[in-house]
Each structure stands twice: as C-alpha cells, then as structure tokens.
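Structure first, then comments.
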Amino acid sequence: DPASRPIALDVVLLRARSGVAAGRSLFGPAPRGRHGSVAAAFRYGGVGAIDYGAASGVVAACSLPRKGLPPPAVLVWDWRTGVCLQAVLLHPLPPAPPPAAVRPLRFPIGAQVAC
4 DPASRPIALD VVLLRARSGV AAGRSLFGPA PRGRHGSVAA AFRYGGVGAI
54 DYGAASGVVA ACSLPRKGLP PPAVLVWDWR TGVCLQAVLL HPLPPAPPPA
104 AVRPLRFPIG AQVAC
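Residue numbering for the sequence shown follows the working numbering, beginning at 4 and increasing consecutively.
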C-alpha cells in the first residue's frame, strides 16, 4: 500500500565547480508512525523548499503551506548517510471532518419532488 510507505525524496546534488553530481534517496517518516502528521503535510502539498549546507552535510526540506498558512512541516537529513535526523510540525493538520459534517440531503431518499 503506497499510502503506508515512508515519504521518499530523490535528490541530486550538483557541485557547480566540478560538475560532479551525486544522488540520494532520502526517506522521511511513515504516515502511520510517530511523525505521521509530518508525512501527511508533505503528501498534501509536496516540497515547498529544499536546501543543502555544505559545511554540515545537512539537507533540509519544508512542505508547502497549508490552508490558513500555519508554519510548514520540516524534515532534516544527513546527506552522507541519508538518515532522517529530525521531523517537525509545529501546528498539526486539522482532523478530517466527521461524516456528520456532510450536508444532509434536502429531500429524503425516495421522495417524489416536482420541479
């Protein structure tokens, strides 16, 4: 089931001076795990921004803003190993509306209505 797999981000780092490229698959949290809300934020809108710090070897990515513009989710990886170092979401996604929030039908099912 693809929805239960951890988020995977395929990244290629191109060194401008040498032209050498290196690729990594960076994996984030699983949707049903401890940081499932971070995974949901990235699945909702994808990657909004990504940055690499050459001095530290760290890659950081944030999700796109969500409705109401709360701060985005952030994932941080070690480039060399591909290990996810941190997953942060300061404002969790709102819960899905309950089925009762669906607008009721104006007329009962099976009723005869004249237009």
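Note that beta-carbon positions come from the ideal geometry of N, C-alpha and C, so glycine has one too. Every value quoted in this text rests on a predicted model; they were computed, and no experiment measured them.
1) Could you have a look at G39 and say whether DSSP puts it in helix, strand or coil?
2) Report the residue from H94, P9, V79, T84 whose alpha carbon sits nearest the alpha carbon of Y55.
3) Do V61 and L92 come within 9 Å of each other at the CB atom, strictly closer than that value?
4) Can you tell me whether A90 is buried or exposed, with buried defined as 16 or more other CB within 10 angstroms of its CB?
5) Let me check understanding here. Comparing Cα to Cα, which of V116, V23, V86 lies closest to A63?
6) Under the assumption that P24 contacts V15 (Cβ atoms under 8 Å), give the Cβ distance between them as a whole number of angstroms.
7) Going by DSSP, what residue range makes up the beta strand (DSSP E) through A11?
8) R20 and G48 - do their beta-carbons sit closer together than 9 Å?
Per the coordinate set shown:
1) helix
2) V79
3) no
4) buried
5) V86
6) With the sequence shown as reference, residue 24 is identified as Ala, and Pro is not the correct amino acid for it. At roughly 5 Å, the Cβ-Cβ gap stays under 8 Å, so A24 and V15 are in contact.
7) 11 to 17
8) no
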